[in-house]
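J.:
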Amino acid sequence: MFRRPTSAVLTDSLLGTFLGFIAGLVPGIHSNTFASLTLIYSSKFSNPAAIIISSSIAYTIANILPTVLLGVPDEETAIAVHPANQMVLEGRGFEAVTISAVSSFLAVVISFLLYPAVWFLGVNYSAVTSFIPVALIAISAFLILTERGEEFGGRYSAWRKRFYALLVFTVSGFTGIVAFQVSEYVTDPLGSILLPLLTGLFGVPILLQTTGGRIPQQRVRFRLPDSNAVSAGTVAGFLVSLFPGVSSGVATVLSTVGIRGREEYVAAVSAANSANAVLCFFMLISASRTRSGAAEALKQLGAFPSLFEIVAISTLSALVALPLTLAVAKVAFSHITRLQFSKISLAVLVFLIALTYILTGFMGVMILFVSSVIGMSAPLLGVRRVNCMGCLIIPVLLYYL
1 MFRRPTSAVL TDSLLGTFLG FIAGLVPGIH SNTFASLTLI YSSKFSNPAA IIISSSIAYT
61 IANILPTVLL GVPDEETAIA VHPANQMVLE GRGFEAVTIS AVSSFLAVVI SFLLYPAVWF
121 LGVNYSAVTS FIPVALIAIS AFLILTERGE EFGGRYSAWR KRFYALLVFT VSGFTGIVAF
181 QVSEYVTDPL GSILLPLLTG LFGVPILLQT TGGRIPQQRV RFRLPDSNAV SAGTVAGFLV
241 SLFPGVSSGV ATVLSTVGIR GREEYVAAVS AANSANAVLC FFMLISASRT RSGAAEALKQ
301 LGAFPSLFEI VAISTLSALV ALPLTLAVAK VAFSHITRLQ FSKISLAVLV FLIALTYILT
361 GFMGVMILFV SSVIGMSAPL LGVRRVNCMG CLIIPVLLYY L
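When the letters of the sequence shown are read in order and numbered with full-length UniProt numbering, they come out as residues 1 to 401.
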């Protein structure tokens, strides 16, 4: 695919890595934004495909930072907000970042080994898509039925919690349907209706809860992720990369099935996120089908990179983004402990409302408000916030039924 000198490919790959890293740091900006802009201005770059691939990989490694530092989610990290926030409150925020970043890096590498499976299933594509509704229904049922009752809550405590989980899941799903219906009113090219939807469900409740006091002193301690959690996340990313219309957000839900520990939760979500990014490129070159905004941009460019090119660029991007993420986290945590929770929460909340209005307009602000109410209801009812991912699962399920 690349006809330019190796030095030009390297330069554009590093540029893409930098852009993806910046996108990961800024709430509300996705690597797909840069993929779209690169597509529009492709004539300005020597190797636009290298920029698209590298920015996509770097983004999946860096996007844990606003989740941990600010409690601001995106589609890929939404359900990791609460576990990561708890680790910050214990002075283990840097551990959360290291677990996430290393998990993402390992998932990128492991994903290379899955290319033969992607190729085989891509060839037998029609058989794969028939399993999507069954898989989504099974995931939904598992999320709801694994809710546990209170220890002394009585005979029907568990079923009461499951009813509450079903209620949160269903209402979140209805909100997601409405949000996607009104997304046509979002005209800003940088805007996405997922910003207010996921910020309300997962971000705002955390910001409203973390009030008073100061952020505890953060220990700079490097911690490797659990290998089983990384494997589970990578497999989830692999499965979702096969299905049209099934987003990486659903991959993160699938990756956490059966996982309870906070550290394992963060590792699985991060691995699913990065594995999905790589495997979507594999699906493009093996079956000419797109599963992500970045892959769609490559297809519109008419750029079908070779397996070696995807592996080389992804590896380079991951190798650069990993230490950058850890370095920024170390600096950020050394300064953020001087600030009070209430001031940070208020500042971030105001920023998110303003950003939502700028990028998605009044309709986005309304979605933010409604989804925030739903997001706060989950802990009040005593059920897990992951049930709010019905906002993505139900719309996709209805699409296939």
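No residue lacks a Cβ here, since even glycine has one placed at the ideal position from N, Cα and C.
Roughly how many angstroms separate the alpha carbons of V328 and A312, rounded to a whole number?
T.: Translated into positions along the sequence shown, residue 328 becomes position 328. Translated into positions along the sequence shown, residue 312 becomes position 312. Approximately 25 Å, taken between the alpha carbons.
J.: Where does G302 land, buried or exposed, given buried means 16+ other C-beta within 10 angstroms?
T.: The residue labelled residue 302 in the question sits at position 302 within the sequence shown. With fewer than 16 Cβ atoms within 10 Å of its Cβ, G302 is classed as exposed.
J.: State the DSSP-derived secondary structure class of I336, mapped to helix, strand or coil.
T.: In the sequence shown, the residue the question calls residue 336 occupies position 336. In this structure, I336 counts as helix in the three-state DSSP scheme.
J.: Determine the extent of the alpha helix (DSSP H) in which C391 is found, giving its start and end residues.
T.: Position 391 of the sequence shown holds residue 391. Taken as a continuous stretch (DSSP letters only), the alpha helix (DSSP H) holding C391 covers 390-400.
J.: Looking at I64 and P225, is the spacing between their C-beta atoms short of 9 Å?
T.: The sequence position of residue 225 within the sequence shown is 225, counting from 1. The sequence position of residue 64 within the sequence shown is 64, counting from 1. If you check the CB distance, P225 and I64 do not come in under 9 Å.
J.: Looking only at its own chain, which residues have a Cβ that is under 8 Å from the Cβ of I374, when we skip the five neighbours before and after it?
T.: As a first step, residue 374 must be located in the sequence shown, where it is residue number 374. Answer for I374: V168, V171, S172, T175, G200, L201, C388, listed in chain order.
J.: Measure the beta-carbon distance from D236 to A272 and round it to whole angstroms, keeping in mind my assumption that it falls under 8 Å.
T.: Numbered from its first residue, the sequence shown carries residue 236 at position 236. Numbered from its first residue, the sequence shown carries residue 272 at position 272. A small correction: the amino acid at residue 236 is Ala; Asp does not occupy that position in the sequence shown. Indeed, because the Cβ distance is near 4 Å, the residues count as touching under 8 Å.
J.: First and last residue of the alpha helix (DSSP H) that includes T6?
T.: Residue mapping note: residue 6 aligns to position 6 of the sequence shown, counting from 1. 6-25 is the extent of the alpha helix (DSSP H) around T6.
J.: To the nearest angstrom, how far is it from the Cα of L359 to the Cα of Y156?
T.: Along the sequence shown, read from residue 1 onward, the residue named residue 359 stands at position 359. Along the sequence shown, read from residue 1 onward, the residue named residue 156 stands at position 156. Cα-Cα distance, rounded: 45 Å.
J.: To the nearest angstrom, how far is the alpha carbon of A35 from that of K299?
T.: To locate residue 35, count along the sequence shown from 1; it is residue 35. To locate residue 299, count along the sequence shown from 1; it is residue 299. Going by the C-alpha atoms only, they are around 11 Å apart.
J.: Based on Cα-Cα distance, which residue from I53, G16, W119, L69 lies nearest to V26?
T.: For the purposes of this step, residue 26 is taken as residue 26 along the sequence shown, with counting starting at 1. Residue L69 is the option with its Cα nearest to V26.
J.: Can you name, in chain order, every residue of its own chain whose Cβ lies under 7 Å from the Cβ of A101, other than the five neighbours on each side?
T.: Translated into the one-based positions of the sequence shown, residue 101 becomes position 101. For A101, where only same-chain residues beyond five positions count, the Cβ hits under 7 Å are I61, I64, L322, T325, L326.
J.: Just to confirm before moving on: does the CB-CB distance between V108 and T290 stay below 9 Å?
T.: Taking the first residue of the sequence shown as 1, we reach residue 108 at position 108. Taking the first residue of the sequence shown as 1, we reach residue 290 at position 290. No.
J.: For G200, does the three-state DSSP call read helix, strand or coil?
T.: Here residue 200 is taken as the residue at index 200 of the sequence shown, counted from 1. Of the three classes helix, strand and coil, the one that applies to G200 here is helix, per DSSP.
J.: In chain order, what residues of the same chain lie with their CB nearer than 8 Å to the CB of V230, ignoring the 5 residues before and after it?
T.: In the sequence shown, the residue the question calls residue 230 occupies position 230. Cβ contact annotation for V230 (same chain, cutoff 8 Å, sequence separation greater than five): S103, L106, A107, I110, A267, A268, A271, in chain order.
J.: Can you tell me whether T325 is helix, strand or coil according to DSSP?
T.: The sequence position of residue 325 within the sequence shown is 325, counting from 1. Assignment of T325 by DSSP, reduced to helix, strand and coil, places it in the helix class.
J.: Output the boundary residues of the alpha helix (DSSP H) element that contains E296.
T.: Here residue 296 corresponds to residue number 296 of the sequence shown, with the count starting at 1. Unbroken alpha helix (DSSP H) run through E296: 293-301.
J.: Looking only at C-alpha atoms, which of L10, Y115, A49 sits nearest to M283?
T.: Here residue 283 refers to the residue found at position 283 of the sequence shown. Nearest to M283 by C-alpha distance, out of L10, Y115, A49, is Y115.
J.: Where does T356 land, buried or exposed, given buried means 16+ other C-beta within 10 angstroms?
T.: Indexing the sequence shown from 1 puts residue 356 at position 356. Counting Cβ neighbours within 10 Å, T356 comes out buried, since at least 16 surround it.
J.: Give a yes or no on whether the C-beta atoms belonging to A158 and L143 are separated by under 9 Å.
T.: Here the question's residue 158 lines up with position 158 in the sequence shown. Here the question's residue 143 lines up with position 143 in the sequence shown. Not in contact: A158 and L143 (Cβ atoms no closer than 9 Å).
J.: May I have the straight-line CA-CA distance separating residue 478 from L207, to the nearest angstrom?
T.: A question about residue 478 goes unanswered here, because the residues of the chain that appear run from 1 up to 401.
J.: To which residues of the same chain is S13 closer than 6 Å at the C-beta, ignoring the five residues directly before and after it?
T.: The residue you call residue 13 lines up with position 13 of the sequence shown. The answer, listed in chain order, is A50, S54, I313, L316.
J.: Any idea what DSSP makes of L69, helix, strand or coil?
T.: For this step, residue 69 is matched to residue 69 along the sequence shown. L69 falls in the helix class under three-state DSSP.
J.: Can you round the beta-carbon distance between G93 and A58 to whole angstroms, since I take them to be within the 8 Å contact cut?
T.: Residue numbering aside, residue 93 sits at position 93 when the sequence shown is read from its first letter. Residue numbering aside, residue 58 sits at position 58 when the sequence shown is read from its first letter. The Cβ separation is near 21 Å, so there is no contact.
J.: Might you give, ordered along the chain, the residues of its own chain that have their beta carbon closer than 7 Å to the beta carbon of Q86, omitting 5 neighbours on each side?
T.: For this step, residue 86 is matched to residue 86 along the sequence shown. Once the five neighbours on either side are set aside, the close Cβ partners of Q86 are R262.
J.: Quick one: is K343 buried, meaning 16 or more other Cβ sit within 10 Å of its Cβ, or exposed?
T.: Stepping through the sequence shown from its first residue, residue 343 is reached at position 343. It counts as exposed.
J.: Closer than 6 Å by C-beta to M363: which residues in its own chain qualify, once you throw out the five before and the five after it? Chain order, please.
T.: Residue numbering aside, residue 363 sits at position 363 when the sequence shown is read from its first letter. So the qualifying residues of the chain are V182, Y185.
J.: Would you report the Cα separation of E309 and L279, rounded to the nearest angstrom?
T.: Sequence index remark: in the sequence shown, residue 309 carries index 309 (1-based). Sequence index remark: in the sequence shown, residue 279 carries index 279 (1-based). In this structure, the straight-line span from the alpha carbon of E309 to that of L279 is close to 14 Å.
J.: Taking C-alpha atoms, which residue in E95, F281, P83, A318 lies nearest to K330?
T.: Counted from its first residue, the sequence shown places residue 330 at position 330. K330 has its Cα closest to that of E95, out of E95, F281, P83, A318.
J.: In or out: N124 buried (at least 16 other Cβ within 10 Å) or exposed?
T.: Along the sequence shown, read from residue 1 onward, the residue named residue 124 stands at position 124. It is exposed - the Cβ of N124 has fewer than 16 other Cβ atoms within 10 Å.
J.: For P379 versus Q209, is the C-beta distance shorter than 9 Å?
T.: Looking up residue 379 in the sequence shown gives position 379. Looking up residue 209 in the sequence shown gives position 209. Using a Cβ distance threshold of 9 Å, P379 and Q209 count as a contacting pair.
J.: Return helix, strand or coil for E147, following the three-state DSSP convention.
T.: As a first step, residue 147 must be located in the sequence shown, where it is residue number 147. The answer is coil: DSSP assigns E147 none of H, G, I, E or B.
J.: Assuming Q218 is part of the alpha helix (DSSP H), what are its boundary residues?
T.: Here the question's residue 218 lines up with position 218 in the sequence shown. Neither: Q218 is in no alpha helix (DSSP H) and is coded neither H nor E.
J.: Is DSSP giving R384 helix, strand or coil here?
T.: Here the question's residue 384 lines up with position 384 in the sequence shown. It is coil, neither helix nor strand.
J.: How far does the alpha helix (DSSP H) with V178 in it reach, from first residue to last?
T.: By one-based count along the sequence shown, residue 178 stands at place 178. 157-181 is the extent of the alpha helix (DSSP H) around V178.
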